[in-house]
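The structure appears right after this line, and notes come after that.
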Amino acid sequence: MTSETEKQLTLPPASIWNQIAKISITEDKPIMLDYWLDSLEKKVLIGVKENKEKLLVKNAEEYTSPISKIYKMDETYIICTENSIYLTSTKIETRRISS
Numbered sequence: 202m203t204s205e206t207e208k209q210l211t212l213p214p215a216s217i218w219n220q221i222a223k224i225s226i227t228e229d230k231p232i233m234l235d236y237w238l239d240s241l242e243k244k245v246l247i248g249v250k251e252n253k254e255k256l257l258v259k260n261a262e263e264y265t266s267p268i269s270k271i272y273k274m275d276e277t278y279i280i281c282t283e284n285s286i287y288l289t290s291t292k293i294e295t296r297r298i299s300s
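Under the working numbering, the first residue of the sequence shown is numbered 202, with each subsequent residue one higher.
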């Protein structure tokens with residue numbers, strides 16, 4: 202990675218990592234960052250199905266397992282699903298999606 206690329210790359214705040222590590226250890230789930238950059242560009246959303254089930258969604262083909270818990274820390278959502286922990290910006294939308 203070049204220094205120019207590093208300057209453009211926005212990382213999750215350092216202040217949240219202790220809490221994320223605790224959640225990951227206690228729930229035995231991996232920390233996933235594959236939605237982080239897209240969330241900064243508002244290319245992901247929290248989708249709510251008719252039955253109130255919530256999913257983290259990139260598009261019709263890419264989405265997570267159902268969300269079990271959402272924490273908010275320092276402009277970051279820590280989103281726990283059935284299988285993993287995802288980090289996103291708090292600037293993402295929440296909206297109704299079809300099943």
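Note that the Cβ used here is the ideal one computed from N, Cα and C, for glycine as well.
Range of the contiguous beta strand (DSSP E) that encloses residue i
i, result
"Lys273", "Ile268 to Met274"
In DSSP terms, what residue i is bridged to
i, result
"Lys255", "Val249"
"Ser290", "Thr277"
"Ile232", "Ile286"
First and last residue of the uninterrupted alpha helix (DSSP H) at residue i
i, result
"Glu294", "Per DSSP, Glu294 belongs to no alpha helix (DSSP H); it is in the beta strand (DSSP E), Glu294 to Arg297."
"Leu241", "Trp237 to Leu241"
"Ser285", "Careful: Ser285 lies outside any alpha helix (DSSP H) and carries neither H nor E."
Anticipated Cβ contact below 8 Å, residue i with residue j, distance rounded
i, j, result
"Thr295", "Ile247", "4 Å"
"Tyr236", "Leu256", "Not really, about 11 Å apart at Cβ, beyond 8 Å."
"Ile301", "Ile221", "Since the first residue of the chain shown is 202 and the last is 300, residue 301 is not available in this structure."
"Ser266", "Glu283", "4 Å"
Identity of the residue in the options nearest residue i by Cα
i, options, result
"Arg297", "Asp229, Lys250, Ile226 and Met233", "Lys250"
"Cys281", "Lys243, Asp275, Ile224 and Glu242", "Ile224"
"Lys230", "Ser290, Asn260, Ile279 and Ser299", "Ile279"
"Leu241", "Ser266, Asn252 and Thr289", "Thr289"
"Glu228", "Leu238, Asp275, Tyr264 and Ser269", "Ser269"
"Ser299", "Ile232, Asn260, Asn284 and Glu283", "Asn260"
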